[in-house]
Amino acid sequence: MEDHVDLTEAEDSTVLELVDRLLNQGVVLCGDLAISVADIDLIYARLQLTLSSVETARQAGWYASPAGSYPKQPEPHHA
């Protein structure tokens, strides 16, 4: 698998082709956010955004279950 893909290599590529390529390969964007007043850091956040298709995420091991859903819990047994 290539680590770097030049998305501008095809001059006549459309936005749809670009989005398709991004979703098939997956993209990870990382960044840091710091909010400070008078050189005193008040809030610091390290951010990571992963953008891919569900199929690509599953193959890479990133995807376990949809956001907000939980595995079904077994029903308690009553005697």
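1 is the number of the first residue of the sequence shown in this note's numbering; add one for each residue after it.
Ideal placement from N, C-alpha and C gives every residue a C-beta, glycine not left out.
Less than 7 Å between the beta carbons of S53 and L23, yes or no? Here the question's residue 53 lines up with position 53 in the sequence shown. Here the question's residue 23 lines up with position 23 in the sequence shown. Yes.
Endpoints, alpha helix (DSSP H) assigned at D80: In the structure as shown, the chain begins at 1 and stops at 79. Residue 80 is therefore absent and cannot be evaluated.
Taking DSSP as the reference, what is the three-state secondary structure of T14? Against the sequence shown, residue 14 aligns to sequence position 14. Coil.
Nonlocal neighbours in the same chain, by C-beta distance under 7 Å from I35, ignoring five residues either side: Within the sequence shown, the letter at position 35 stands for residue 35. Taking I35 as the centre and dropping the five residues before and after it, the same chain places the C-beta of L42 and I43 closer than 7 Å to its C-beta, in chain order.
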